[in-house]
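Taking it in order: structure first as structure tokens, then the write-up.
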Amino acid sequence: MTDIRHAAPSRLSGLTPTHFVAIVTLGALILASMGQVAPSPQQLATGLPGMVDLVGRMLPPNTEPAFLWRVGVRILETFQIALVGAAIGIVLSLPVAWLAARGVSPLGRGHYVFKAFVSFLRTVPDLVWALLFVATVGLGAVAGTMTIMVDTIGFCGRFFAEAMEDAEKDPQDALTAIGARRSSILAGAILPDIAPSLTNSSLFALEKAVRSSVVLGLVGAGGIGQELKVAFDLFQYRNASTIILVIFVIVLAMELITDKLRARIQ
Amino acid sequence: MLSSASEALLDRPAREPQRLPARADVTDGRPTPAARSGTPVIDARGLMKSYDQRRPILKGVDLAISAGERVALIGSNGSGKSTLLRCLIGLHGISGGSLATMNQNLSARNHRAVQDSIRLKTGFVFQKHCLVRRRTVLSNVVHGFFGTPGSWRAHSHHLAPTAWRMRAMEALDDVRLADRALARADTLSGGQQQRVAIARALVRQPRLLIADEPAASLDPLSGQNVMELFARLCADHGITLLFTSHDMDHALTYANRVVALKNGRILFDKASDKVSQEDLKDTFDD
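Protein sequences, first through last, are from chains A and B.
Going by the working numbering, the first residue of the first sequence is number 199, and it counts up by one from there.
Going by the working numbering, the first residue of the second sequence is number 1088, and it counts up by one from there.
Encoded structure:
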């Protein structure tokens, strides 16, 4: 019998010179950046008492009925911005995703144009969209709603398109053989198949919309964020702490509700 | 419509398959002139198909099928069976030769009108049932009306006209699944789902039924039931049946003519009772 013995492979067999150079470069970049933008121990030492002082001035939160009523009205407006913006965005995402989905789009190779369009909507931050809409339609909730709408198309357009690309192919082939048009295949086979995925993405979009809508007011696009900006600008820290707590409760409640709905869909 | 026949059929799932009579107008090699003179449903001459110039799939297939025939297409994997079926209904364009299905000439790039004309008269059943699993059984059968005027109403049984709903229920009755009309498709067994796919193919009352290995994904008994259902419904309605199968019992029992494909060419074309063990050995030998 032939006795064949193999030596153990090198511990670093997977590490190519290119990988090694990349790791060292990344490490050097992080260290150099830390020296320039990370807080120094001295800054932390002086900043911490300032933070404690600010928190002290925020307590106790303002619970005057008139103020709470004003916050309630602003929260309702925030929720309306999120709900309407997300709803319109989700509906518009469906045709956009259809046109962007590879192998499903009626445009063939032209689907790249819509894929790029969705990527563009997604890569521009929501506060930048808000600034653009405030400049075009003016201060207030309408600018906020348009921001959430565009942000939702960027988010849902991508996930809807991916779900359409991954939809089961067999029923689509069957409907094609029957003579169904592309739009019929979308409505008859693809959408029913990906309905749980669409619902999931839509709930995430709604949750994201609520989180985004609370900060849009910082740039004048309506909602509770506007109230928060005024409170900080006028050094009304007790008002600010009330608003922060209300935002925390609203976002938490939204996450709990969408989590429960998602669990039911699974 | 077909209820009594299909009920009688499905009431005895375990019986021995009955060998159907072979057609007298088919002889070794080619259909007789009598068969050729009948209504031509499929007429392929020198049919070629290749996805890649270096590897042709079909290399000159001659096949004529007349109305009312039940033809089994056999051959090993990669012999070109599925490609041929897809060419017949214009799902794939042809690369050479000529092909006419239901008197409609098919070419390399098939016009939508030609495809629609063929598909309106043709039912296609796939190896896997290909149902929309989250839809009801009835909605899946109503999907059979896609491609007909007003087909936006074929998306769901809720939208479908009363006449379509009635036809769909009749088709479900034929396959003994009318009582599961409102069940979700994915709650049915594999055999039941294939019967729903047959109902979907039959709902438009096609003249030609094409099935690509319809029993391949089923257990032996379910497969036998499905094939008996096919043969019986086609016989009752005068539908021409063309199916592929790797099960030689199915091919010899439920077809009256067997066509063997090997390496993209027809190896033999015979009445099913004339097919010998030697023919089958030649078909599947490398």
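Glycine included, each C-beta is placed from N, C-alpha and C at the ideal position.
Unbroken alpha helix (DSSP H) stretches of 4 residues or longer found wholly inside the region 309 to 394 of chain A: 309 to 321, 324 to 335, 339 to 364, 367 to 376 and 380 to 383, given in chain order. With respect to the 7 Å criterion, phenylalanine 1233(B) and alanine 378(A) are classified as neighbours on the basis of their beta carbons. When CB distances to chain B are screened at a threshold of 8 Å, the residues of the region 364 to 377 of chain A falling below it are Glu366, Asp368, Pro369, Asp371, Ala372, Leu373, Thr374, Ala375, Ile376 and Gly377, in chain order. In the structure shown, the three-state DSSP call for valine 428(A) is helix.
If you draw a straight line from the Cα of glycine 1184(B) to the Cα of arginine 1132(B), it comes to about 6 Å. Distance from the CA of arginine 1240(B) to the CA of leucine 389(A), rounded to the nearest whole angstrom, comes to 16 Å.
A Cβ-Cβ distance of about 15 Å is found for the pair isoleucine 383(A) and alanine 361(A), leaving them out of contact under the 8 Å criterion. Annotation for serine 400(A): Ala284, Ile288 and Cys354 place their beta carbon closer than 8 Å to its own, counting only its chain and skipping 5 residues before and after.
Of the residues assessed, tyrosine 1138(B) falls on the exposed side of the cut-off, its CB having fewer than 16 other CB atoms within 10 angstroms.
Within chain A, the C-beta atoms nearer than 8 Å to that of cysteine 1217(B) come from Asp368, Pro369, Asp371 and Ala372, in chain order.
By the Cβ neighbour-count rule, arginine 462(A) is exposed, with fewer than 16 other Cβ atoms within 10 Å of its own. Annotation: Cβ neighbours of alanine 387(A) in chain B (cutoff 7 Å, chain order): Val1219. Along the length of the region 1248 to 1335 of chain B, whole beta strand (DSSP E) runs at least 3 residues long occupy 1295 to 1299 and 1327 to 1331, reported in chain order. What isoleucine 1176(B) touches in chain A, judged by beta-carbon distance under 8 Å, is Ala375, going in chain order. In this model, proline 304(A) and threonine 261(A) are separated by some 57 Å (Cα to Cα). Per the DSSP secondary-structure output, leucine 1193(B) pairs in a beta bridge with Leu1186(B). Contact annotation, leucine 414(A) with threonine 345(A): C-beta distance approximately 6 Å; criterion of less than 8 Å satisfied.
The beta carbons of phenylalanine 318(A) and leucine 297(A) sit no closer together than 7 Å.
Using beta-carbon distances, histidine 1242(B) counts as an interface residue toward chain A, with a partner under 7 Å.
Annotation for isoleucine 228(A): the continuous alpha helix (DSSP H) segment containing it runs 215 to 235. Nearest to glutamate 1315(B) by alpha-carbon distance, out of Leu1295(B), Arg1282(B) and Arg1220(B), is Arg1282(B).
Nearest CB-CB separation between proline 390(A) and chain B: below the 7 Å threshold. Excluding its 5 nearest sequence neighbours in each direction, valine 335(A) has C-beta neighbours in its own chain below 8 Å: Ala341 and Met344, listed in chain order.
With its beta carbon at least 7 Å from every one in chain A, arginine 1142(B) lies outside the interface. Residues of chain B with a Cβ closer than 9 Å to the Cβ of serine 382(A) are, in chain order, His1230, Phe1233, Gly1234, Ser1238, Trp1239, Ala1241 and His1242.
Under the three-state reduction of DSSP, leucine 266(A) is assigned to helix. Around the CB of asparagine 1164(B), fewer than 16 other CB atoms lie within 10 Å, so the residue is classed as exposed. Counting only the Cα atoms, glycine 352(A) lies some 8 Å from phenylalanine 315(A). Threonine 244(A) counts as exposed, since fewer than 16 other beta carbons sit within 10 angstroms of its beta carbon.
Annotation for serine 238(A): no beta strand (DSSP E) segment contains it, and DSSP assigns it neither H nor E.
Chain order gives the chain A residues near leucine 1207(B) as Gly377, where near means a beta carbon separation below 8 Å. Shown here for lysine 1349(B): same chain residues with a beta carbon closer than 7 Å to its own, the five before and five after excluded, namely Gly1162, Ser1166 and Thr1370 in chain order. For phenylalanine 1211(B), the C-beta contacts it makes with chain A under 8 Å involve Ala372, Ala375 and Ile376, in order along the chain. Counting only Cβ-Cβ distances below 8 Å, aspartate 1203(B) has contacts in chain A at Gly377, in chain order. In the DSSP assignment, aspartate 1366(B) falls within the unbroken alpha helix (DSSP H) covering 1364 to 1371.
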